[in-house]
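Position one of the sequence shown corresponds to residue 1 (UniProt numbering), numbered consecutively onward.
Using N, Cα and C, we set each Cβ at its ideal position, and we do this for glycine too.
Only a predicted model underlies this, so the values are computations on that prediction, with no experimental measurement involved.
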Amino acid sequence: MSDSGEVEVESPSGFYPVLPKDVQSEVGSVRLFNKWSYEDVEIRDISLTYLSVYTIGPADPKLANSDYIQIRSPVYLPHSAGRYAAKRFRKAQCPIIERLTNSLMMNGRNNGKKLMAVRIIAHTFEIVCAPRNFILLGVDCFCHVTTGYMILTSRTVQIHIMTDQNPIQIAVDAIVNCGPREDSTRIGSAGTVRRQAVDVSPLRRVNQAIALLTIGAREAAFRNVKSIAECLAEELINAAKGSSNSYAIKKKDELERVAKSNR
């Protein structure tokens, strides 16, 4: 207070704390659906971990020094409303769980239903890490603690449900395992056409892995008692383990086998 009785207000230097303390402590740890952490997630394939794109003219910071599987920019929801198709290769910057969510909106009747796709992903991840939220009621029945949702499963699916792992890590491992490393392309003119084995770029590996995973889950859920979320959870867990029960793993092996015969 000055001599004249006026109150002196100092201008804040640096950060001005307008958030409550408990909110400030949570800002540093962003969790998917406010449940699953990104901190311990790792990409076990070095070929998918780093991307350097050099543009003509000023470098675009969104294209340089980033991962093909984007997990370093955590988000609460796989719904960022980003313009990832506006520029080439920018979709590599889209969070990987959001890319998986977008891939669920295939076929005409599912176009644009992003909230439905987000709900499917959330339910899928609940099933993957089920021991925290599901209890075993009977021989083939699990019940969700908070929602009361019940799942009737076989013995094999019960093993899948009891993984108790971070579902983000399961999804990343599945994408790493399902991307074909070798493919075949058509060489020659219309008269003489032959197929030649070629290497697959890292970005196409990720694109194809996401497509194969969602196609397998969609085909498994068609005319089936199990929901799309249960089929997707089963597909992700099988693919993360490298099991041949996964549709994506079988398709990847088939592509690589055909490419090997065309070397």
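Selected residue, minimal CA-CA separation from residue i, among the options
i, options, result
"residue 274", "A174, E256, K251, A190", "Residue 274 cannot be examined here, being either before or after the span of the chain that is shown, 1 to 263."
"M105", "I210, Y76, C129", "I210"
"L232", "A259, K260, A171, V176", "A171"
"Q70", "K114, R83, C94, W36", "C94"
"E39", "I121, A85, S29, R90", "S29"
"R205", "M116, L115, D45", "D45"
"S201", "K251, T49, N34", "T49"
8 Å contact criterion, which residue i and residue j should meet: CB distance rounded
i, j, result
"P167", "F125", "4 Å"
Residue i versus residue j: straight-line alpha-carbon distance, rounded
i, j, result
"G188", "R72", "42 Å"
"M162", "N102", "Bear in mind that the predicted position of M162 carries a pLDDT of just 49, short of 50, making it too unreliable to give a figure here."
"residue 270", "R119", "Limits of the chain in this structure are 1 at one end and 263 at the other, which puts residue 270 out of reach."
"S243", "I249", "7 Å"
"S246", "L236", "8 Å"
"D67", "H123", "26 Å"
"E42", "Q169", "7 Å"
"R83", "P74", "17 Å"
"I97", "Y76", "11 Å"
"K260", "N207", "21 Å"
Reduced DSSP secondary structure (H/G/I, E/B, other) of residue i
i, result
"Q208", "helix"
"D45", "coil"
"A81", "coil"
"A240", "helix"
"T124", "helix"
"D199", "strand"
"Q167", "Sequence check: residue 167 is Pro here, not Gln. Residue state, collapsed to three classes: helix."
"I187", "strand"
"K250", "helix"
"E182", "strand"
Near the ligand FMN: residue i beta-carbon under 7 Å from a heavy atom
i, result
"D199", "Within the structure as shown, the ligand FMN is missing, as the structure has no ligands at all."
Quiz item: Do the segment 219 to 229 and the segment 161 to 181 make contact, defined as three or more Cβ pairs closer than 8 Å?
Solution: The answer is no - the segment 161 to 181 does not touch the segment 219 to 229, with fewer than three Cβ pairs under 8 Å.
Exercise. Count the CB pairs spanning the segment 194 to 205 and the segment 213 to 222 that are closer than 8 Å, and state whether there are at least three.
Key: no
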